[in-house]
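Residue numbers (numbering that gives the first Met the number 0), protein chains in the order written: chain A, 0 to 184; chain B, 0 to 68.
Quick notes on the structure that follows.
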Amino acid sequence: MTDRELIELYNKRDESAVTHTKQNYGRLLAGLARNFLRSEQDVEECVDDVLLAVWNSIPPDRPENFTAYLCRIAKNLSIKRLRDASVQKRTPESVVNIDELHETLAGGETPESGFDLHMTAEIINRFIGSLSAEKRYTFVRRYWYGDSVKDIAAALNAREEKVKTALFRLRKDLAKELRKEGITE
Amino acid sequence: MTPEELMKAVDLTADEYIAEAAVPPAKHGIFGFNGAKAVFAAAACLVVFLLAGIVLKNNVPPTQTAPTT
């Protein structure tokens, strides 16, 4: 079943849309939630929340890219659960990943004009678009999905050292790009 | 730029890249090797093949010809 057909089921309020979504995307959504939440129960509940959120939002939403639409909802709900949790045994990998990226970029100071979110996002997207498929996968999985180095290496059938080296170089290249565009000084 | 600002910027990664990264990229080339790796692998196979040929040639006794009377 294509995504377009799936969205049509939602529009027709056919409940099999939820079943099909869980079958097609359940694993992806659980994997993403697991990067933010530690308890399997939380992960399962989060996936159920995503399915309910999608059921309630389509219609009127008409997502152009259903995969990205689901992933964004899953990430937002996971982060919300993370913030609502009163006790976390250890910092989730996803937070560590952003800190790792920030450390590389923090060498540059923000100019006096301040932080421009959309300009920065545009530069990051342009940077991601310039990468090879494998490097793009590595960057997005690490810093958007919040995957561990081990998970990325397993998916690419590569050694962890290779992934670590690739991430190091990607961070350096992004830092250079942001300095070149005047986002950092 | 604070980590929170950076996180917001990364969050605005384009939908097409998020969807693409849902699945690992396909390996191209021969048995997952491409470019320089494929050339190196092919060269290594050729060397092994040639060495095997030389070893076999040295070890196989020459064919005996029928004695002429």
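Idealized CB from N, CA, C, for every residue including glycine.
In summary, isoleucine 53 (chain B) is exposed, with fewer than 16 beta-carbon neighbours lying within 10 Å of its beta-carbon over all protein chains present.
Apart from sequence neighbours up to five positions away, the residues of its chain that approach leucine 31 (chain A) with a beta-carbon distance below 8 Å are Cys70, Ala73, Lys74, Ser77, Tyr144, Gly145, ordered along the chain. For tyrosine 136 (chain A), the nearest CB of chain B lies under 7 Å from its own CB, placing it at the interface with that chain.
Around the beta carbon of leucine 100 (chain A), 16 or more other beta carbons lie within 10 angstroms, which makes this residue buried. When Cβ-Cβ separations below 7 Å define contact, tyrosine 9 (chain A) makes no contact with chain B. Neighbours of isoleucine 123 (chain A) across chain B, judged by C-beta separation under 8 Å: Ala8, Val9, Leu11, Thr12. With fewer than 16 other beta carbons inside 10 angstroms of its own, threonine 164 (chain A) counts as exposed. Threonine 20 (chain A) is outside the set of residues whose beta carbon lies under 7 Å from a beta carbon in chain B. Contact annotation: in the region 14-26 of chain B, residues whose CB is within less than 9 Å of a CB in chain A are Asp14, Glu15, Tyr16, Ile17, Ala18, Glu19, Ala20, Ala21, Val22, Pro23, Pro24, Ala25, Lys26. In its chain, beyond the 5 residues on either side, Arg158, Glu159, Lys161, Val162 have a beta carbon closer than 8 Å to the beta carbon of alanine 152 (chain A).
The Cβ of threonine 119 (chain A) sits closer than 7 Å to at least one Cβ of chain B.
Taking the Cα positions, proline 24 (chain B) is about 12 Å away from tyrosine 16 (chain B). Spanning the alpha carbons of leucine 11 (chain B) and arginine 141 (chain A) requires a straight line of approximately 15 Å.
In the structure shown, glutamate 14 (chain A) falls within a coil segment according to DSSP collapsed to helix, strand and coil. For arginine 170 (chain A), the enclosing alpha helix (DSSP H) covers residues 159-179.
When DSSP states are grouped into helix, strand and coil, glutamate 184 (chain A) belongs to the coil group. For lysine 21 (chain A), the closest of A:Gly128, A:Leu51, A:Arg82 by C-alpha to C-alpha distance is A:Leu51. In its chain, beyond the 5 residues on either side, Gly25, Leu28, Ala29, Ala32 have a beta carbon closer than 7 Å to the beta carbon of valine 46 (chain A). Taking a C-beta distance under 7 Å as the contact criterion, alanine 20 (chain B) and alanine 120 (chain A) do not qualify as a contact pair. In the structure shown, asparagine 64 (chain A) falls within a coil segment according to DSSP collapsed to helix, strand and coil. According to the DSSP assignment, phenylalanine 126 (chain A) belongs to the alpha helix (DSSP H) that extends over 116-128. Contact of phenylalanine 167 (chain A) with chain B is not assigned, every C-beta pair being separated by 7 Å or more. As the crow flies, the alpha-carbon of alanine 43 (chain B) is around 31 Å from that of aspartate 150 (chain A). In the structure shown, aspartate 146 (chain A) adopts coil according to DSSP, grouped into three states. Nearest to proline 58 (chain A) by alpha-carbon distance, out of A:Leu8, A:Asp48, A:His19, A:Ala67, is A:Leu8.
With contacts defined by Cβ atoms closer than 7 Å, leucine 130 (chain A) and alanine 174 (chain A) do not form a contacting pair.
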